[in-house]
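Trainee: So the working numbering is basically just the index in the sequence shown, starting at one, shifted up by 715.
Think of the CB as a built atom: it goes at the ideal place given N, C-alpha and C, for glycine as much as any other residue.
Note that this is a predicted model, so its numbers are computed, not measured.
Input: one structure, supplied below.
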Amino acid sequence: MESLTLEQYRRMVNKVLEFKRLNGDLPDYAVVDGCRIDKKEYIDMIERVNKFFLQMGRNPGSVDILPIDDVPVVEKLLIH
C-alpha cells in the first residue's frame with residue numbers, strides 16, 4: 716500500500732489519538748487494512764495533510780505513505 720484514502724487516513728488518525736489518550740504516548744506504529752505504518756511515517760503524513768489543508772483550504776483525496784529513511788518501513792501484515 717503506497718497511499719491511504721481520506722477515509723483510511725482518518726481512521727488511522729482516530730486510532731492513534733485514541734491510543735495516546737489511553738496510554739499517554741503515541742504508538743510505535745499504526746495498522747491500516749493490514750498495512751503497518753511506523754511512527755515516523757504516520758507523523759509525517761499528519762504534518763503533510765495539515766500543511767495541505769492550511770495551504771489549500773480543503774482535505775486531500777488521498778495521502779501518500781512516504782518512507783522517511785532509505786529502509787523500507789511500510790510492509791504488508793498477514794493476519795491469520
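1) Following the continuous alpha helix (DSSP H) through Arg773, name the residue where it begins and the one where it ends.
2) Does the pairing of the segment 769-783 with the segment 752-761 give three or more beta-carbon distances under 8 Å?
3) How long is the line joining the alpha carbons of Asp743 and Phe734, rounded to whole angstroms?
4) Rounded to whole angstroms, what is the Cα-Cα separation between Pro775 and Ile761?
5) Skipping 5 residues on each side, what residues in its chain have a beta carbon closer than 6 Å to that of Thr720?
6) List the residues that DSSP assigns as beta-bridge partners of Ile797.
7) Just curious, the alpha helix (DSSP H) that Leu732 is in, first and last residue?
Mentor: Taking the geometry as given:
1) Here residue 773 corresponds to residue number 58 of the sequence shown, with the count starting at 1. Premise fails: Arg773 is in no alpha helix (DSSP H) and is neither H nor E.
2) Output reads yes: the segment 752-761 touches the segment 769-783.
3) Taking the first residue of the sequence shown as 1, we reach residue 743 at position 28. Taking the first residue of the sequence shown as 1, we reach residue 734 at position 19. Going by the C-alpha atoms only, they are around 10 Å apart.
4) Along the sequence shown, read from residue 1 onward, the residue named residue 775 stands at position 60. Along the sequence shown, read from residue 1 onward, the residue named residue 761 stands at position 46. Their Cα atoms are separated by approximately 12 Å.
5) Here residue 720 refers to the residue found at position 5 when the sequence shown is read from its first residue. Excluding residues up to 5 positions away in sequence, Ser777 lie with their Cβ nearer than 6 Å to the Cβ of Thr720 in the same chain.
6) The structure shown does not extend to residue 797, since the chain is modelled only from 716 to 795, so the question has no answer here.
7) Reading the sequence shown from its first residue, position 17 is the one you call residue 732. Unbroken alpha helix (DSSP H) run through Leu732: Leu721 to Asn738.
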